[in-house]
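Participant:
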Amino acid sequence: MTTVSPVGTCGFAVLAAGSGSRFGGAKQVAVLGGRTMVEHAIAIADRARRPPSPIVVVTGAHQAEVERTVVPLLGNYSGLSMCHNPDWSLGMSTSLRTGIDHLERTASDVEAVLFMLSDQPLVSPDLLCSLQQRWHQGWTMAAPVHEGKLLGAPALFGRVWWPCIRNLQGDRGARGILETHQDEVGGVETDPGQLVDIDARQDLRHHTGAFIPGDCAPRHGSDRTHAAE
Numbered sequence: 001m002t003t004v005s006p007v008g009t010c011g012f013a014v015l016a017a018g019s020g021s022r023f024g025g026a027k028q029v030a031v032l033g034g035r036t037m038v039e040h041a042i043a044i045a046d047r048a049r050r051p052p053s054p055i056v057v058v059t060g061a062h063q064a065e066v067e068r069t070v071v072p073l074l075g076n077y078s079g080l081s082m083c084h085n086p087d088w089s090l091g092m093s094t095s096l097r098t099g100i101d102h103l104e105r106t107a108s109d110v111e112a113v114l115f116m117l118s119d120q121p122l123v124s125p126d127l128l129c130s131l132q133q134r135w136h137q138g139w140t141m142a143a144p145v146h147e148g149k150l151l152g153a154p155a156l157f158g159r160v161w162w163p164c165i166r167n168l169q170g171d172r173g174a175r176g177i178l179e180t181h182q183d184e185v186g187g188v189e190t191d192p193g194q195l196v197d198i199d200a201r202q203d204l205r206h207h208t209g210a211f212i213p214g215d216c217a218p219r220h221g222s223d224r225t226h227a228a229e
């Protein structure tokens, strides 16, 4: 394990660039529990971050639809911004690079990035807080695990790993980096159920009951705000 005492902040990158081919449209703006999925991701990130940590939404295939949803929120969340990935069709690696480049360009004090997927609305603020806590403990990467097995996103990467992420190609996410360097990953024991992707329209109906009416967070979510100590 390589430990680095963190200096600076952890930014959040919500990846919302996919085409949603299996869903049949812009699932980023599909409504679940009264809010679009990208709104859920933003709200959950906001509950877990330490102000003024920035949140960037990376758009792509459905840029106009996602922007119409996010623009009205810009005044509600300090540090919320958007950036567009024109190369979204070349795979997730391009969205990872776009998010890092935007955060590095607009928030010079960001020393770690926590990648979230806009189609994982059941992720709890507690999990995001715990990932940041691993970083504050000196881990340069952090990810959810279950019984010793890496689960993937959401995942946190310190600046030392950004060159590796920038070198990714095609539709490969950053999971390969986590798997290759598992001894550098601060694992957070996680119920795999909260990492479910919304891939099809029937998934929306199946998971609607997981949300408290009028709230942004799933029923297992944290009541804490800005709790990443």
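Note that full-length UniProt numbering has the sequence shown beginning at 1, numbered continuously upward.
From the three backbone atoms N, C-alpha and C, an ideal C-beta is built for every residue, glycine too.
Is it buried or exposed, G148, if we count other Cβ atoms within 10 angstroms and call 16 or more buried?
Facilitator: Under this definition G148 is an exposed residue.
Participant: Note the first and the last residue of the continuous beta strand (DSSP E) segment covering E189.
Facilitator: Segment 185-189, the beta strand (DSSP E) holding E189.
Participant: With H, G and I counted as helix, E and B as strand and the rest as coil, what does DSSP make of A13?
Facilitator: Three-state result, A13: strand.
Participant: Over the uninterrupted alpha helix (DSSP H) stretch that includes S95, give me the two end residues.
Facilitator: S95 -> alpha helix (DSSP H) spans 92-106.
Participant: Near R97, what residues of its chain come up, given a Cβ to Cβ distance below 6 Å and the 5 sequence neighbours on each side ignored?
Facilitator: Closer than 6 Å at Cβ, skipping near neighbours: R166.
Participant: How many Å lie between G11 and S95 at the Cα?
Facilitator: Computed Cα separation, rounded: 15 Å.
Participant: Since G187 contacts V123 with CB under 8 Å, what's their CB separation in whole angstroms?
Facilitator: Going by Cβ atoms, the distance from G187 to V123 rounds to 16 Å, so no, they are not a contact pair.
Participant: Nearest-angstrom Cα distance between P213 and N85?
Facilitator: Confidence at P213 is low in this model, with a pLDDT of 45, below 50, so its placement is unreliable and no value can be given for it.
Participant: Out of curiosity, what's the CA-to-CA distance linking L131 and E111?
Facilitator: In a straight line, the C-alpha of L131 is about 14 Å away from that of E111.
Participant: What residues in its chain sit with their C-beta under 8 Å from that of Q182, if we drop five residues either side in the sequence?
Facilitator: These residues qualify, in order along the chain: L150.
Participant: Taking only beta-carbon positions, decide if S93 is within less than 8 Å of chain B.
Facilitator: Considering every chain present, this structure includes no chain B. It has just one protein chain.
Participant: What three-state label does DSSP hand G193 in the structure shown?
Facilitator: In this structure, G193 counts as helix in the three-state DSSP scheme.
Participant: May I ask you to report which of helix, strand or coil DSSP gives V123?
Facilitator: Three-state DSSP puts V123 in coil, outside helix and strand.
Participant: Specify the secondary structure class of G158 as computed by DSSP and reduced to three states.
Facilitator: If DSSP states are grouped into helix, strand and coil, G158 belongs with the strands.
Participant: If V57 and A16 are in contact, beta carbons under 8 Å, what's the gap, nearest whole angstrom?
Facilitator: Indeed, because the Cβ distance is near 5 Å, the residues count as touching under 8 Å.
Participant: Would you give the residue range spanned by the beta strand (DSSP E) that T59 belongs to?
Facilitator: 55-59 is the span of the beta strand (DSSP E), which, as asked, contains T59.
Participant: Would you be able to state if there are at least three C-beta pairs under 8 Å between the region 72-83 and the region 17-33?
Facilitator: No, the region 17-33 does not touch the region 72-83.
Participant: By a C-beta neighbour count over all protein chains shown, 10 Å radius and 16 as the cutoff for buried, is Q120 buried or exposed?
Facilitator: The residue in question, Q120, is buried, as its Cβ has 16 or more Cβ neighbours within 10 Å.
Participant: Taking all protein chains shown into account, decide if A64 is buried (16 or more other Cβ within 10 angstroms of its Cβ) or exposed.
Facilitator: It counts as exposed.
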